[in-house]
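Engineer: Pasting a structure here, questions to come.
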Ligand SMILES: [Zn+2]
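Residue numbers (my numbering): 24 to 427.
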């Protein structure tokens, strides 16, 4: 039997979902993903504005309760849903589709138990060979359909009592801006959680196996980064069955840090070209591949495809070296199958410059967001993206002459 301290229980979560859907049938969709081994339903809740165009939406995936005794994760998931249907969340609903799996392991929740006594823990069911647990399979189905820009796995520091919460991320691929961006996002989340009333600790996850592009790593966070290049985060709420901060405070602090995260999806990071979560650059702001496309959906396809084929990019050179003041040369060698999605190459130069001429393999490019080049300026420097509608295997050379 679950003790009263393990609230919300699976039944309380299910009742909350029914009530939310009844009160907001236009905004809330509850789907039944399947059943646990013990026959309890697994639910996903989707909240978005049905009037706003789906192709322009950012996708967010949130899970809670991967560890059954960590009820604060479920508590924060319910608080997030309650906020997402309010007027204050209208702008987020217009630009984002948020899918929440609020109770990943109802069988464990029922027993206030962290991990199953036999078999794989569902959170670690994403290594080679694919998932085996019903919970792991349900999670992957949702994640593959969504290809989320952001994934958050919400946990609780059981046994830690009235102590501190955490925002964690870890081990993205090196020579990408992901580590910088994740740290920055996590820091904002932690500050928001502190203002809401609970001290926070923010640092990279150094726990083995939590986030890496290696296919051997089995956590849900690793899966979303490896497959979709989602910004993958993990949060922890302080709790214990003996002492905890009041439930209202735990919910408020957990919600505050999620709101800080969701705000990123409704703005543009100024060193990148598009509004939405900054997860679509493969390289540095100074030079790298970037997803391109007319809509958020096209850019998602571009990002996931570029990421999946990353090992086939054999060379990406930004020069010449030493770089003259008025010209750039970018060389790229790609050895994979033809990419039938938009492919961008981003770079930047000092000062406010105009492009006098840009050529791809000798052919003159025109200003275009999808087939040519485009620029913007930020803090006095000029950012340039060369956008190609597709990429065939072989070598490409981009030459740029800069004007004043
Ligand atoms: Zn946990």
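Beta carbons: idealized from backbone N, C-alpha and C, even for Gly.
Since the structure is predicted, the reported quantities are computational estimates derived from the model, not experimental observations.
Beta carbon of residue 289, beta carbon of residue 298: below 9 Å?
Structural biologist: Cβ atoms of residue 289 and residue 298: closer than 9 Å.
Engineer: Would you report the Cα separation of residue 64 and residue 144, rounded to the nearest angstrom?
Structural biologist: If you take the alpha carbons of residue 64 and residue 144, they lie about 17 Å apart.
Engineer: Between the alpha carbons of residue 120 and residue 277, how many angstroms are there, rounded?
Structural biologist: About 19 Å.
Engineer: Quick check on the burial criterion: 16 or more other C-beta atoms within 10 angstroms. Buried or exposed for residue 337?
Structural biologist: Its Cβ having fewer than 16 others within 10 Å, residue 337 is exposed.
Engineer: To the nearest angstrom, report how far apart residue 347 and residue 368 are at their CA atoms.
Structural biologist: Distance between the alpha carbons of residue 347 and residue 368: 20 Å.
Engineer: For residue 415, which residues in the same chain have their Cβ closer than 6 Å to its Cβ, ignoring the five residues on either side in sequence?
Structural biologist: Within the same chain, residue 415 has close Cβ partners 361.
Engineer: Would you kindly report the start and end of the unbroken beta strand (DSSP E) that includes residue 417?
Structural biologist: 417-426 is the extent of the beta strand (DSSP E) around residue 417.
Engineer: Tell me the residue span of the alpha helix (DSSP H) that contains residue 247.
Structural biologist: That run of the alpha helix (DSSP H) goes 243-251.
Engineer: Among 393, 287, 421, 394, which residue has its Cα nearest to the Cα of residue 351?
Structural biologist: For residue 351, the nearest C-alpha among the options comes from 421.
Engineer: Among all the DSSP beta bridges, which residues are the ones paired with residue 54?
Structural biologist: Paired residue(s): 67.
Engineer: To the nearest angstrom, how far is the alpha carbon of residue 482 from that of residue 372?
Structural biologist: Summary: the structure shown does not reach residue 482, with the chain confined to residues 24 through 427, and so no result is reported for it.
Engineer: Below 8 Å, is the gap between the Cβ of residue 428 and the nearest heavy atom of ligand 1?
Structural biologist: Nothing about residue 428 can be reported from this structure: the residues present for the chain run from 24 to 427 only.
Engineer: Rounded C-beta distance between residue 314 and residue 275? I'm assuming under 8 Å.
Structural biologist: About 35 Å; that fails the 8 Å criterion.
Engineer: If you check the beta carbons only, do residue 377 and residue 426 fall under 9 Å apart?
Structural biologist: Yes, these two residues count as a Cβ contact at 9 Å.
Engineer: Within a Cβ cutoff of 8 Å, which residues of the same chain sit near residue 127, ignoring the five residues on either side of it in sequence?
Structural biologist: Only 65, 86, 87, 88, 89, 145, 146, 158, 162 meet the Cβ criterion.
Engineer: Can you tell me whether residue 27 is helix, strand or coil according to DSSP?
Structural biologist: Low confidence applies to residue 27: its pLDDT is 48, below 50, so where it sits in the model is not reliable, and the reading given next is rough at best. Here residue 27 sits in helix by DSSP.
Engineer: At a cut-off of 8 Å, would you count residue 137 as near ligand 1, judging by its Cβ distance to the nearest heavy atom?
Structural biologist: Correct: residue 137 has its Cβ closer than 8 Å to ligand 1.
Engineer: Compute every distance between the C-beta of residue 93 and the non-hydrogen atoms of ligand 1, then say whether any falls below 8 Å.
Structural biologist: Residue 93: yes, Cβ under 8 Å from ligand 1.
Engineer: With contact counted as at least three CB pairs below 8 Å, one residue from each stretch, are the region 226-242 and the region 193-207 in contact?
Structural biologist: Contact holds: three or more Cβ-Cβ distances are below 8 Å.
Engineer: Among 358, 403, 374, 411, which one has its Cα closest to the Cα of residue 381?
Structural biologist: Nearest C-alpha to residue 381: 411.
Engineer: Could I get the ranges of all uninterrupted alpha helix (DSSP H) runs contained in the region 300-342, with 4 residues as the minimum, in chain order?
Structural biologist: Entirely contained in the region 300-342, the alpha helix (DSSP H) runs reaching 4 residues are, in chain order, 319-331.
Engineer: Residue 257 lies in the beta strand (DSSP E); which residues open and close that run?
Structural biologist: Segment 254-261, the beta strand (DSSP E) holding residue 257.
Engineer: What does the alpha-carbon distance come out to for the pair residue 266 and residue 49?
Structural biologist: Rounded to whole angstroms, residue 266 to residue 49 spans 39 Å at the Cα level.
Engineer: Going by Cα to Cα distance, which pick from 57, 81, 92, 47 is closest to residue 263?
Structural biologist: Here the closest residue by C-alpha is 92.
Engineer: Kindly list the residues whose CB is nearer than 8 Å to the CB of residue 184, restricted to its own chain and excluding five residues on each side of it in sequence; keep chain order.
Structural biologist: Within the same chain, residue 184 has close Cβ partners 261, 262, 263, 265, 266, 267.
Engineer: Who are the Cβ neighbours of residue 343 in its own chain at under 7 Å, not counting the five residues just before and after it?
Structural biologist: Same-chain partners within the cutoff: 352.
Engineer: Skipping 5 residues on each side, what residues in its chain have a beta carbon closer than 8 Å to that of residue 114?
Structural biologist: Same-chain partners within the cutoff: 289.
Engineer: Going by C-alpha to C-alpha distance, which of 80, 76, 394, 59 sits closest to residue 285?
Structural biologist: Among 80, 76, 394, 59, the Cα nearest to that of residue 285 belongs to 80.
Engineer: Taking the alpha helix (DSSP H) that residue 431 falls in, what are its first and last residues?
Structural biologist: Any question about residue 431 goes unanswered here, given that the chain covers just 24 to 427.
Engineer: Closer than 8 Å to a non-hydrogen atom of ligand 1 - does that hold for the CB of residue 261?
Structural biologist: False, no ligand heavy atom lies under 8 Å from that Cβ.
Engineer: Pop quiz: residue 305 and residue 333 are said to be a contact at Cβ under 8 Å. What is the actual Cβ separation, rounded to whole angstroms?
Structural biologist: Right, the Cβ-Cβ distance comes to about 6 Å (below 8 Å), so this counts as a contact.
Engineer: Rounded to the nearest angstrom, what separates residue 409 and residue 312 at their Cα positions?
Structural biologist: Rounded to the nearest angstrom, the two C-alpha atoms are 10 Å apart.
Engineer: Return the CA-CA distance between residue 253 and residue 134, expressed in angstroms with no decimal places.
Structural biologist: Using only the alpha carbons, I get a separation of about 32 Å.
Engineer: Got a sec? Which residues, its chain only, sit under 6 Å from residue 52 by beta carbon, not counting five neighbours each side?
Structural biologist: Hits under 6 Å: 69.
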